[in-house]
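A.B. asks:
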Amino acid sequence: MYSQHLVSSFGVAAGILKNYRRRLRQGKSCGTPFVKRLMMKAENQAYKLDRTEGMVDLPIIAGCHVKLRLVVSRYHRRYLNDGTLSLGSLTVLPNRVIITFRKEPPRPIAACSVLSLDTNERSLDGIFVDGGGKGDGSCVQVKAAFPEVAVIQERHHERRRKLQKKKAHDRRLTRVLCGREGEREHHRIDYRLHHVANAVLEFAEDHKSAIVLEDLRGMRPTRSKELNRRLSLWPRRKLHQIIEYKAAWKGLPVIKVDPRYSSRRCPVCGRIPDSRMGTEFACECGWHMDRHINASMNLLQTAISKGLEMAGGLRFSPGAFQHDVVMTLYEPAMAARSEPNGTSQIGVTS
Ligand SMILES: [Zn+2]
C-alpha cells in the first residue's frame, strides 16, 4: 500500500487510543477500542484534488489510483475557488467524502465596540457598547432568539421516549432508531444555530465588535435529572463553538469570561443580593434590569477588568444604558424554514 496512507492510519489509531485512555482515566466503562465504520483517511500529500473539476485522485498502490468525482454545489464551489485555502486531509466514508481546508487566521481586527452576550436556553441576550472612537459610547440591548431549539429538543426527546417503550422487545432496533433520531435532532439544531451565529457575526463584523461570551466549561447543572435534560448545555456549547470558529475566520476577537456570579451581581454597586430573582434583577441600590441583560453587563465588566484591550479604552457604565432600545440580531422568522416541520432533515454546515 502507498506508504503515506500508513502514516495517517497511525494517526487515526492514535486518536482512538487517546479517547480510550481518557475514558479509562475518567473511570468510564469501555471495551476494547474498535473501529466499526469503514473509513479511510489521507493526508494532503497523499492525494490530489482537481479543484475545477472536483476530481479526487487517490493512489492506493503503485500504478493503481482511485478517482472519485465529487458532487460540487455552489456552496462547495465557494471553498474550492478560494485560493487562500490550502488543502487538508481527505476522509472517505461509505456515504460521503470529507475534505478539510486550511486557512491562516486573519489578523484580529482592532475592535471599536463590544458585543457582550449572555447565553440562555432560548436566546442570546446582551448589550452592545459602541466605542464611537471616544470610548464613552452608547449602550443598547441586543437579542438573538432561538426558541425553536428547545422545542426541537423537547420533541425529539419525547419521540425517543416513545420509541423505547414501543420497541422495548428489541434493544438493537431501539438503539438504531434512537440513534437516527438523535442524528436528526443534531442536524436540525445545528442548522438553526448556524443561522443565529451568522446573524450575530454579521452584526459584529459591521460594527467591528469584540465578542464577550461566558465560559461554559466546567459549568455543571446540578438540579433534578429532568431539569438537567431540559437545560442541557449542549446547544449552548455548540453555539459558542460555531461563533468562535466563525469569528476566528473573520478575525473578530472573542473573549471568554468566567460566568460566576454574573447572574447575581449588581453591575452598579457590586452587591450580590441573595434573594431569588424573577425575570428582573433588582438591587438595594435601586438598580433593576432584565435578568439576562444584567448578566451580560456583568460579563462585560469581568472582561474589562481582565484587561480587555479596546480601541480608545472603552468605558462601560450601566448608567449610559438606553432602556427602550432593543436591537434584534436574529429571530426565527429570519430563517429559511421554521418550526414546526416534523419531517425535514437538514444537514447544513456553512
Ligand atoms: Zn446595586
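Just remember that our numbering sits 21 ahead of the position in the sequence shown, which is counted from 1.
Every residue gets a Cβ at the ideal spot worked out from N, C-alpha and C, and that includes glycine.
So, is Asp78 buried or exposed, given that buried needs 16 or more other C-beta atoms within 10 angstroms?
C.D. replies: exposed
A.B. asks: On the three-pair Cβ rule with 8 Å, is the segment 128-146 touching the segment 294-307?
C.D. replies: no
A.B. asks: Verify the contact flag: Val289, CB atom, against every heavy atom of ligand 1, threshold strictly below 8 Å.
C.D. replies: yes
A.B. asks: Relative to ligand 1, is the shortest distance from any of its heavy atoms to the C-beta of Glu305 smaller than 8 Å?
C.D. replies: yes
A.B. asks: So, under 8 Å CB-CB, Val278 and Ala324 are touching, yes? Tell me the CB distance rounded to an integer number of Å.
C.D. replies: 5 Å
A.B. asks: Output the distance between the C-alpha atoms of Pro80 and Tyr100, rounded to the nearest integer angstrom.
C.D. replies: Going from the Cα of Pro80 to the Cα of Tyr100 covers about 24 Å.
A.B. asks: Would you mind sorting Ser24 into buried or exposed? The rule is 16 or more other CB atoms within 10 Å of its CB.
C.D. replies: exposed
A.B. asks: Over what stretch of residues does the alpha helix (DSSP H) that includes Glu202 continue unbroken?
C.D. replies: Arg192 to Asp227
A.B. asks: State the beta-bridge partners of Lys277 as determined by DSSP.
C.D. replies: Leu234
A.B. asks: Rounding to the nearest angstrom, what Cα-Cα distance links Lys164 and Tyr351 in this structure?
C.D. replies: 7 Å
A.B. asks: Once you ignore the five residues that flank Gln185 on each side, which residues in its own chain have a CB closer than 8 Å to its CB?
C.D. replies: Thr195 and Cys199
A.B. asks: Report the rounded CA-to-CA distance for Gly156 versus Ile130, giving the unit in angstroms.
C.D. replies: Bear in mind that the predicted position of Gly156 carries a pLDDT of just 47, short of 50, making it unreliable; the figure below should be weighed with that in mind. Distance between the alpha carbons of Gly156 and Ile130 is about 17 Å.
A.B. asks: Which one of Gly52, Gly32 and Leu91 has the shortest CA to CA distance from Tyr41?
C.D. replies: Gly52
A.B. asks: Need the endpoints of the beta strand (DSSP E) that Met355 sits in, please.
C.D. replies: That residue, Met355, is in no beta strand (DSSP E); it is neither H nor E in DSSP.
A.B. asks: Which term fits Arg182, buried or exposed, when burial requires 16 or more other beta carbons within 10 angstroms of its beta carbon?
C.D. replies: exposed
A.B. asks: Using the C-alpha atoms, what's the distance from Tyr266 back to Pro280?
C.D. replies: 21 Å
A.B. asks: For the beta strand (DSSP E) that Thr121 lies in, which residues bound it at each end?
C.D. replies: Val118 to Arg123
A.B. asks: DSSP three-state label for Glu142, please.
C.D. replies: coil
A.B. asks: What do you get for Ile148, buried or exposed, if any count of 16 or more other CB atoms within 10 angstroms of its CB means buried?
C.D. replies: buried
A.B. asks: In the structure shown, what three-state DSSP assignment does Leu106 receive?
C.D. replies: coil
A.B. asks: In three-state DSSP terms, what is Val92?
C.D. replies: Three-state result, Val92: coil.
A.B. asks: Where does Pro54 sit, in a helix, a strand or coil, going by DSSP?
C.D. replies: coil
A.B. asks: Where Ser50 and Arg58 are concerned, what is the direct C-alpha to C-alpha distance, given to the nearest angstrom?
C.D. replies: 21 Å
A.B. asks: Any idea what DSSP makes of Thr323, helix, strand or coil?
C.D. replies: helix
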